[in-house]
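Down below is the structure, laid out as structure tokens.
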Amino acid sequence: MTRTSRARRRGGVRRENRGLFAIAAVAFGLYVCFLVLPLLLSLRSSFTNENPLRATSSFVGLDNYREAVGDTQLRASLVFTLILAVGVTVAANAVGVLFAMMLNRTTLSYRVMRTVAFLPQVLSGVIVGFVWQTILTQDGLLNHVLQRLGLIDEPFAWLGSPNAALFSIGVVVAWILTGFTTVVYLAALQNIPLELHDMAALDGVNRRQRFTRVIWPMIAPGTTISVTISLITVLKLYDVIAVLTGGGPANSTQSTALYIVQLAFTSDRFGYASSVAMVLLLLSAVIALSVTNVLRRREVNL
Amino acid sequence: MIRKPLLAACLIGALALTTACSSSDSSGGGESTLTYLTFETPSLTSTFWNDSIASAQQQAPGVKINRITSPNTDRDAYAKQLQASGQFPDLLQSITPANFVGAGLLQPYDQTWVNANFLLPEGNALKGKVYIPPTNSQVIPQVFYNKELFTRAGVQPPKTWAEFLAVCDKLKAAGVNPIELGGADPFAAGMPLVGIISADVLGKNPNWLQDRYAGKVKFTDDNVVTAVDKYRTLVGNGYFDKGALGVKYADSITRFTGGKSAMYPMGSWFLGSVPKETADNFGVFPWPTDDGSLVIPFTVGGSMAISAKSRDIPGATKFAQAWSLDPKNLKALIEGDGAFPMLKDKTLDDYGVTVTQVFKDSYRYVTDENTKVSSISWATNDDALPPGVNNDFYAASQALFTSSDVKGELTKLDKAWDTATK
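Chains D and L, in that order, give the protein sequences. Using the numbering used here, you'd call the opening residue of the first sequence number 769 and step up by one each time. Using the numbering used here, you'd call the opening residue of the second sequence number 516 and step up by one each time.
And the structure:
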């Protein structure tokens, strides 16, 4: 019997690994404190009529969930969130692939450009929101430029009508996410063995064929990660919209996350807000799992 | 060996943080530390708050103030967040008491003190109790106008609704955008609707909001629909900028003061933003009624509420009373925030203020005899909307900018009201 195995038997773990266990225990503790516990508290709250400004609250069973089914504002916020999620995911991933292919070189200038492409991802959503607000507002930079170029006669309300605001938010969020998708696709591209490119060149394939037959199938794992994370990011989107439009005009750009905050802190309905949060959590989980499932299967089939 | 001291240091740090976070702690020297929720605007700056706190502290020795600043002007929402996380402040500036009284969070002021010091002691009372000293008042909205643009279009300030429409028509014909609207900010988008409903509905029945609470009237009643239809007329006739819902509140001020629009319905706090050098170019008139009678949508408030959960209510009260009666604070509020002072036995001169002519013209609507009604969605007394309904009111204002479904939007408001008062 070696010294190590004896030590393992005595203390259960190696001496040098004890520190790692302590770190894991702290991480687990934080996970339970800040994720599991709030989730369970929220679940409990979703069955009550809890209101922070009333002294008492009582159990109301499934009433909140029944109300959620008939809540037209919730439905509108879910439709808005889903449209935004799909649109942004498609746009951010398409542009991400394009950027990754353009930046897949190792010279200094390309490395600088990669950093620039990644920048939006590291900025806080609130800051991005404020910056884009000054660009998109009625007297903002975009209208000035377009008027100067003679492309529009009078300022366009980029955030002032439901459809334009949806489009504008979509562009801003896609812009933020493109930094992330570009990096993921760059990593995926660099995993493609050079031989494959060489063989493709020997076979005399053109650029389009090289993309559809070699690159696109080989970056499938990157697509799975990138699409799933993009979808989840948009499904829980709050900060950018809160700053850009505040959910307006007339609640037309109210994401479900924004609606939850409004229910909790404007309408003081903690219980109902919790039930809507549960609905969003469930929906996000179902969408994320389904999409991951489909994309993983595609990876295998390829 | 290193790990243990590190762990100990973390624990001590965490404990120190916990201690630092607990509010209203009484320290050894008989001095209590109170948290005070404030907010900042271009006119109510950090310096204003710090100076006013220092000044009031001189009148309330033994009280130490820890100022908390709301991340935006919606201090009600922030106060609720603080309450939800167990950090409800000891003192709260310019909140809506109706939101908090139900949970027993606020301490009423001594009525004798209120009666002795203010012109309208019951101005913002809730069920007979005063939770915010009525130090100043606002008219919400008034219509500010650009005299030069009026002259260019050959029009005079209107008194009746028909005259108002005619003025809008002439301004539009003269190539001037008639009405400025900062529609991207819900509260600013709501200004015309606040004016119309306050003037037309509350002007005829000042008890309307109480009747709504009692279920005797509804937003979908014909008289409200007729009034709100007027807003659709303004939108339909193109009297607002087409992209008004994309204009931020702050931009709407610079657009109006920069001469981009001829009229600007806004709360009287706009007086604090009138540029001193061109102040004479701006005039003011009340929101017009059908028959030209003067109806002034009015709200009283201005000072701070006291938490009933504070560990030092006497100290908090002493500080709040000192702050509320300090003429220096009133001076800053009058000059910078267009507030109309409501302290007893004092004229404007007593505050040593320098105000513009348009301020004096505005203030006259407060001091003169006329029909004063609660400014709908702004009143903080018994006429305050049920918690959360303000949001629906503003959303309806934005929705009606693009939708002609007046009845539909008012139905939503009735529903929101009923849910909130259930």
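Here a beta-carbon is modelled for each residue, glycine too, at the ideal position from N, C-alpha and C.
Can you give the beta carbon distance from D:V1047 to D:T857, rounded, assuming they're within the 8 Å contact cut?
Not a contact, Cβ separation roughly 21 Å.
From L:D766 to L:A835, what does the alpha carbon distance come to, in whole angstroms?
When rounded, the distance between both Cα atoms is 34 Å.
Would DSSP call L:A777 helix, strand or coil?
Strand at L:A777.
Counting C-beta neighbours from all protein chains within 10 Å, is the total for D:S936 16 or more, i.e. buried, or is it exposed?
It is buried - the Cβ of D:S936 has at least 16 other Cβ atoms within 10 Å.
What did DSSP end up calling L:M819 once you bin it into helix, strand or coil?
DSSP places L:M819 in strand when its eight states are reduced to three.
Strictly below 7 Å CB to CB, what residues from chain D border L:G614?
A small fix is needed here, since residue 614 of chain L is Asn in this sequence, not Gly. Neighbours of L:N614 on chain D, chain order: L821.
If we ignore side chains and look at the alpha-carbon of each, how far apart do D:L811 and D:F802 end up?
Note on geometry: alpha-carbon atoms of D:L811 and D:F802 lie some 14 Å from one another.
Proximity winner among D:L927, D:P961, D:L910, relative to D:M986 (alpha-carbon distances)
Selected option, being the one with the closest Cα: D:P961.
On the DSSP bridge assignment, give the partners of D:F979 in chain order.
When DSSP reads this structure, D:F979 sits in no beta bridge, so it has no partner.
I need the straight-line Cα distance from L:A899 to L:W893, nearest angstrom please.
C-alpha of L:A899 to C-alpha of L:W893: approximately 7 Å in a straight line.
When DSSP labels each residue in this structure, what does D:I1009 get in the three-state scheme?
The answer is helix: DSSP assigns D:I1009 an H, G or I state.
For D:G1016, which residues in chain C fall below 9 Å Cβ to Cβ?
Reference to chain C is not applicable here, since the protein chains of this structure are D and L.
Check whether the Cβ atoms of D:T1034 and L:G601 lie closer than 8 Å to each other.
For D:T1034 and L:G601, no; Cβs fall outside 8 Å.
Any idea if L:N896 is buried or exposed, counting beta-carbon neighbours within 10 angstroms, 16 or more meaning buried?
Buried is the call here.
Going by DSSP in three states, L:K937 sits in which element: helix, strand or coil?
L:K937 falls in the coil class under three-state DSSP.
For the putative contact between L:D591 and L:T611, defined by C-beta atoms under 8 Å, what is the C-beta separation to the nearest angstrom?
Indeed they touch by this definition, with Cβ atoms about 5 Å apart.
Would you kindly report the start and end of the unbroken alpha helix (DSSP H) that includes D:D794?
Correcting the residue type first, residue 794 of chain D is Val in the shown sequence and not Asp. Here the alpha helix (DSSP H) through D:V794 covers 786 to 799.
Fully enclosed by the region 1000 to 1061 of chain D, which alpha helix (DSSP H) runs are 4 residues long or longer?
Restricting attention to alpha helix (DSSP H) runs no shorter than 4 residues, the region 1000 to 1061 of chain D encloses them at 1007 to 1012, 1024 to 1033, ordered along the chain.
May I have the straight-line CA-CA distance separating D:R1064 from D:P989, to the nearest angstrom?
Rounded to whole angstroms, D:R1064 to D:P989 spans 8 Å at the Cα level.
Closer than 8 Å, CB to CB, is L:A777 near chain D or not?
By this cut-off, L:A777 is not an interface position.
Do the region 714 to 732 of chain L and the region 882 to 901 of chain D touch if we need at least three Cβ pairs shorter than 8 Å?
No, because fewer than three Cβ pairs between the region 714 to 732 of chain L and the region 882 to 901 of chain D fall closer than 8 Å, the two stretches do not touch.
Cross-strand partners of L:Y551 (DSSP beta bridge)
Looking at the DSSP assignment, L:Y551 forms a beta bridge with L:R582, L:L606.
Per-residue burial, D:Y799 [other beta carbons within 10 Å of its own, 16 or more giving buried]
Label assigned to D:Y799: exposed.
Please tell me whether D:T1034 has its Cβ less than 8 Å away from any Cβ of chain L.
Any Cβ of chain L closer than 8 Å to the Cβ of D:T1034 would place that residue at the interface, and such an atom is present.
Check whether chain D comes within 8 Å of L:P576, counting only Cβ atoms and requiring the distance to be less than that.
Cβ-Cβ to chain D under 8 Å: no for L:P576.
In DSSP terms, what D:Y878 is bridged to:
Bridge partners of D:Y878: none, in fact.
Residues in its own chain within less than 6 Å of L:D540 by CB, not counting five upstream and five downstream?
The pLDDT assigned to L:D540 is 43, lower than 50, so where the model puts this residue is not dependable; a value taken from the coordinates is nonetheless given after this. Cβ within range, chain order: T548.
Contact criterion: CB-CB distance below 8 Å. Does D:N1019 meet it with respect to chain L?
With 8 Å as the cut-off, D:N1019 counts as an interface residue toward chain L.
Just by C-beta distance, which residues in the region 735 to 760 of chain L are closer than 8 Å to chain D?
So the close ones are D756, K757, G758, A759, L760.
Would you list, in sequence order, the uninterrupted beta strand (DSSP E) runs of no fewer than 3 residues that lie entirely inside the region 621 to 700 of chain L?
If we require 3 residues or more, the beta strand (DSSP E) runs fully inside the region 621 to 700 of chain L come out as 651 to 654, 657 to 661, 692 to 694.
Using only alpha-carbon positions, find the residue among D:G1039, D:T1013, D:N785, D:R822 that is nearest to D:L934.
When C-alpha distances from D:L934 are compared across D:G1039, D:T1013, D:N785, D:R822, the shortest belongs to D:T1013.
Can you list, in chain order, the residues of its chain whose CB lies under 6 Å from that of L:Y646, leaving out five sequence neighbours each side?
The beta carbon of L:Y646 sits closer than 6 Å to those of P612, L621, P623, A820, all from its chain and outside the five residues before and after it, given in chain order.
Identify the continuous beta strand (DSSP E) that holds L:K464 and give its terminal residues.
The structure shown does not extend to residue 464 of chain L, since chain L is modelled only from 516 to 937, so the question has no answer here.
So the candidates are L:M781, L:Q608, L:C683, L:N581; which of them puts its Cα closest to the Cα of L:W838?
Closest in alpha carbon position to L:W838, among L:M781, L:Q608, L:C683, L:N581, is L:Q608.
Mind the definition here: the region 659 to 668 of chain L touches the region 882 to 890 of chain L only if three or more C-beta pairs lie below 8 Å; say whether that holds.
Taking a contact to require three or more Cβ pairs closer than 8 Å, the region 659 to 668 of chain L and the region 882 to 890 of chain L do not qualify as touching.
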